[in-house]
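Undergrad: Just add 49 to wherever you are in the sequence shown, counting from 1, and you've got our numbering. Just dropping this structure here.
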Amino acid sequence: MEINWGAVIIGFILSIVLGAIFAAIIPGVGALLGWLLAGMVVGYMVGGTAGNGAANGAISGLFGAIVLSILLLIFGTLILGFIGFAAATVTSLVMILGSFGVLIIMAVGGLIGALIKGEPGPV
């Protein structure tokens with residue numbers, strides 16, 4: 050399994066953009082649709098086996114959660130000091146645990162995208 054970091058970063062950016070756009074258009078489930086489409090784009094870009102597309106889509110979703118947690122820790126500490134750091138730490142842990150849903154959705158999207166591309170992967 051190869052990780053295509055270019056596709057992962059594009060998927061991360063698309064998950065933010067498409068998630069926000071679809072959440073504004075379709076309240077409630079729009080963000081889920083945006084994340085699924087971002088995962089499909091990652092899977093299509095990567096190609097290969099369905100597992101390869103799913104892995105790259107999942108890493109793209111996890112990358113977003115980690116970046117958001119780091120930003121939350123930095124700004125929470127800068128704005129509120131130690132109390133902000135403590136609150137941001139707890140919030141980041143909860144957010145990373147909650148991001149497993151996004152990770153699963155983007156992995157399914159990556160799987161679908163790789164299947165759509167239909168490239169045979171290494172055996």
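Even for Gly, the Cβ is constructed at its ideal location relative to N, Cα and C.
Rounded to the nearest angstrom, what separates G167 and G96 at their Cα positions?
TA: 7 Å
Undergrad: Find the nearest neighbour of I62 within the set I52, L111, I132, F131, judged by alpha-carbon distance.
TA: L111
Undergrad: Any idea if L50 is buried or exposed, counting beta-carbon neighbours within 10 angstroms, 16 or more meaning buried?
TA: Strictly speaking, residue 50 in this sequence is Met, with Leu absent from that position. Looking at its Cβ environment, which holds fewer than 16 other Cβ atoms inside 10 Å, M50 is exposed.
Undergrad: Taking only the alpha-carbon atoms, compute the straight-line gap between G106 and A114 and give it to the nearest angstrom.
TA: 13 Å
Undergrad: Looking at C-alpha atoms only, which residue of V90, I65, Y93 is the closest neighbour of A80?
TA: The shortest C-alpha to C-alpha distance from A80 to any of V90, I65, Y93 is the one to I65.
Undergrad: How would you write the range of the alpha helix (DSSP H) that M144 sits in, first residue to last?
TA: Per DSSP, the continuous alpha helix (DSSP H) segment holding M144 begins and ends at 99-147.
Undergrad: Out of I75, G100, L120, G92, point me to the one whose CA is closest to T138's CA.
TA: L120
Undergrad: Let me know the secondary structure DSSP gives M155 once reduced to three states.
TA: helix
Undergrad: Does the region 128-147 come close enough to the region 68-85 that 3 or more CB-CB pairs lie under 8 Å?
TA: no
Undergrad: Counting along the chain, where does the alpha helix (DSSP H) carrying V95 start and finish?
TA: 79-95
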